[in-house]
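These protein sequences, in sequence, are chains A and B.
When we follow this note's numbering, the leftmost residue of the first sequence carries the number 1, and every step to the right adds one.
When we follow this note's numbering, the leftmost residue of the second sequence carries the number 1001, and every step to the right adds one.
Cβ atoms here follow ideal geometry from the backbone N, Cα and C, with glycine treated the same way.
Note that the structure is predicted; figures quoted are calculated from it, not measured.
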Amino acid sequence: MLKIENLHATVADKPILKGLSLTIKAGQIHAIMGPNGAGKSTLSYVLGGRPGYEVTQGSVTFDGQDLLALDPHERAAAGLFLGFQYPVEIPGVSNVQFLREAANSQRKQRGEAELSGGDFLKLAKEKAGLLRMDMEMLKRNVNVGFSGGEKKRAEMVQMGILDPKLAILDETDSGLDIDALRIVGDGINAIMRKPDKAVLLITHYQRLLDYVKPDVVHVLADGRIVKSGGPELALELEREGYEAVVA
Amino acid sequence: MSALAAIPTTHDEDWRYADAAVLATLTPDKLANWKTVDIAPGKTQRHTMVVGSAAPELHRIRIQVAEGARAEMFVVNNGAAYTRVEVEVRLAKGAHFEFGGVTIGGGDATREFVTRVDHAEPEATSSQIIRSVHWGQAIGNFLGRIEVARDAQKTDAEQNFRAILLEKGASANTKPELEIFADDVKCAHGAAIGQLDQQAAFYMAARGLPPEVARKLLVQAFVADAFTAMGEDGESARLLDTALATLGEAAL
Ligand SMILES: Nc1ncnc2c1ncn2[C@@H]1O[C@H](COP(=O)(O)OP(=O)(O)OP(=O)(O)O)[C@@H](O)[C@H]1O
Ligand SMILES: [Mg+2]
């Protein structure tokens, strides 16, 4: 589904990704762990096409397409979803309006029929219910005044509504309380654990991986994948820390 | 002052950001063309306007707001040539003036609001919210003068101007002028000129919104502030749509 080869990228002319390679197959869940500043969020932004993140070398193929040739909104319509480490507040735009425009923009780009107002609300209700989020929250402006945990949960409601093929979730677990962590974990499984979908979880802790069992765990350090393994690698990291495991 | 001396130039405070070439074509009769409005004690009057065309326009309005009365004015200024809306308001005791204005457009036109609010008596309040969205070489201005008379205690006057420039060549100007002769007075002025929120734009793109749709949503949220005081009626939606339709003409 996703094939990253020898990816090099700079931010403000500073090299951050330095030859990163990674392949994710449909039906798989991968986790990336790694020290602060290693380039995990940078990877997600580069894949999402954020302005200012420049690819200097390498290639990314998504579902047989050259991902890097697409504009950010085209990547989303192609089925890529970015769960933000810091979801952005948009004053004056309600979640309902935003997500309906987003869902229908994606549909339009894919040549599919748009959702009616009623169909959209039904879908939104279902996904909000899955994440135990009150519909009243969706009437509020996008992320404005949401607590850290509420923002992360709202990201997952968005994911449910947009129904992507590949979700890159950047520290979706950070800021969640114990119950919310389980709800979000269950939500990710319900929405994304399907033979034709895949997930890349970026996380610092094992706790999310208890709910969303990864097939492969990678360590990203200094802009590269320096080690990959099974779910046991995450436990080993948690026990012994990056320095011991990566050395 | 003689009639001739009344033709303004950009040296005049109130005309400092105006289009000098257009000023040269003004005539005394155009300048004398004030529309006057009197609002009786305790009454509320609302004026909504969409101003601007292919030719320069000057709109001058003088409003007398009697005791406890309320004047509301909501304007979209989206002309393709120099378009100026000038409002002079006199507030009697406990009167209120509510102003919501939007300048929006590209090309090389100057679009401006000039308001003079005279808090002539105690306990009057005024609130002015102006939003400007420009591209091309366009200019958006707000000149707001507030005068508070010597015994106009408990005056509460508020002005808020914000501009978003969608392209490098566009600009915005604002200059508050406060003349306050009373001491128990609240006057608030806020101003900010900036670009569209790039973080929000990327967030929206990451959810599949093409740039023009994201821009429209962000501009809608931005200019809607000017019409919030109208409440959720069809009129505010109409003004908002008119403003946003102008954005549709932008080839950005
Ligand atoms: N605009 C920028 N200008 C310069 N350096 C930047 C910029 N943005 C990010 N960086 C740097 O890039 C490096 C990678 O940052 P990134 O956010 O990808 O790390 P991360 O692995 O996600 O870390 P964390 O675990 O703390 O979230 C950091 O050293 C960061 O300071
Ligand atoms: Mg990060």
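Item, Value
"Sufficient close CB pairs (3 or more, under 8 Å) joining the region 1200–1214 of chain B to the region 60–74 of chain A", "yes"
"Closer than 7 Å: N36 of chain A CB and nearest ligand 1 heavy atom", "yes"
"Stretch pair the region 1012–1022 of chain B + the region 1107–1126 of chain B: three plus CB contacts closer than 8 Å", "yes"
"Buried versus exposed, by CB contacts within 10 Å (16 or more), S944 of chain B", "Beyond the ends of chain B as shown, which are 1001 and 1252, falls residue 944 of chain B; an answer cannot be given."
"The region 1200–1213 of chain B: positions lying closer than 8 Å to chain A by Cβ", "A1200, F1202, Y1203, M1204, A1205, A1206, R1207, G1208, L1209, P1210, P1211 and V1213"
"beta-carbon Q85 of chain A near ligand 2 non-hydrogen atom, thresh 7 Å", "yes"
"Partner residues on chain A for A970 of chain B, Cβ-Cβ distance less than 8 Å", "For chain B, the structure presents residues 1001 to 1252; residue 970 of chain B sits outside this window and is missing."
"Where R239 of chain A falls, given that 16 or more other Cβ within 10 Å makes a residue buried", "exposed"
"N-terminal and C-terminal residue of the beta strand (DSSP E) that H204 of chain A is part of", "No beta strand (DSSP E) holds H204 of chain A; DSSP gives it neither H nor E."
"8 Å Cβ cutoff met for G1094 of chain B and G1068 of chain B", "yes"
"Below-8 Å beta-carbon distance, F1222 of chain B vs any chain A residue", "yes"
"Short CB-CB distance (under 8 Å) between L1247 of chain B and chain A", "no"
"Interface residues of chain B facing H73 of chain A [CB-CB closer than 9 Å]", "M1204, A1205, A1206, R1207, G1208, L1209, P1210, P1211, V1213 and A1214"
"P1064 of chain B burial status per 10 Å Cβ neighbour count (16 or more: buried)", "Residue identity check: residue 1064 of chain B is Gln in the sequence provided, not Pro. Result: buried."
"Secondary structure, beta strand (DSSP E): runs of 3+ residues fully inside the region 73–114 of chain A", "80–83 and 90–94"
"Local Cβ density within 10 Å of A1245 of chain B, reported as buried at 16 or more and exposed below that", "exposed"
"Backbone CA spacing between P231 of chain A and Y205 of chain A [nearest angstrom]", "12 Å"
"A1182 of chain B to E1158 of chain B span [Cα, whole Å]", "16 Å"
"Cβ-based contacts, 7 Å cut-off: residues of the region 43–60 of chain A near chain B", "G48, R50 and P51"
"P1056 of chain B burial status per 10 Å Cβ neighbour count (16 or more: buried)", "buried"
"Interface residues of chain B facing L253 of chain A [CB-CB closer than 9 Å]", "Residue 253 of chain A lies beyond the range of chain A shown here (1 to 247); nothing can be said about it."
"As assigned by DSSP and simplified to three states, the class of Y53 of chain A", "strand"
"Chain B contacts from the region 143–157 of chain A (Cβ-Cβ distance under 7 Å)", "none"
"Rounded distance between the beta-carbons of A1201 of chain B and V1223 of chain B, thought under 8 Å", "Their Cβ separation, rounded to whole angstroms, is 16 Å, which puts V1223 of chain B and A1201 of chain B out of contact at 8 Å."
"Reduced DSSP category for V154 of chain A - H, G, I as helix; E, B as strand; rest coil", "Note on identity: in this sequence residue 154 of chain A is Ala, with Val being the wrong assignment. A154 of chain A: helix per DSSP, three-state reduction."
"Chain B residues whose Cβ lies nearer than 8 Å to that of Q65 of chain A", "Those within 8 Å of Q65 of chain A in chain B number zero; the least Cβ separation is about 15 Å."
"Contact between the region 1096–1108 of chain B and the region 1129–1145 of chain B (3+ Cβ pairs under 8 Å)", "yes"
"Touch test, the region 144–156 of chain A against the region 83–99 of chain A, Cβ-Cβ under 8 Å, three pairs minimum", "yes"
"Reduced DSSP secondary structure (H/G/I, E/B, other) of S1132 of chain B", "strand"
"Simplified DSSP assignment, three categories, for N1033 of chain B", "coil"
"Residue from A:G19, A:G27, A:L22 and A:G92 whose Cα sits closest to the Cα of R140 of chain A", "A:G92"
"Neighbourhood of T42 of chain A by C-beta, 7 Å cutoff - its chain only, sequence neighbours within 5 removed", "A9, V11, I16, L17 and Y53"
"Near ligand 2: K152 of chain A beta-carbon under 7 Å from a heavy atom", "no"
"Contact with chain C by A76 of chain A, beta-carbon distance below 8 Å", "The chain inventory of the structure shown lacks chain C, comprising the protein chains A and B."
"Minimum C-alpha distance to I1146 of chain B - residue among B:L1165, B:I1039 and B:E1121", "B:E1121"
"I191 of chain A in three-state terms, based on DSSP", "helix"
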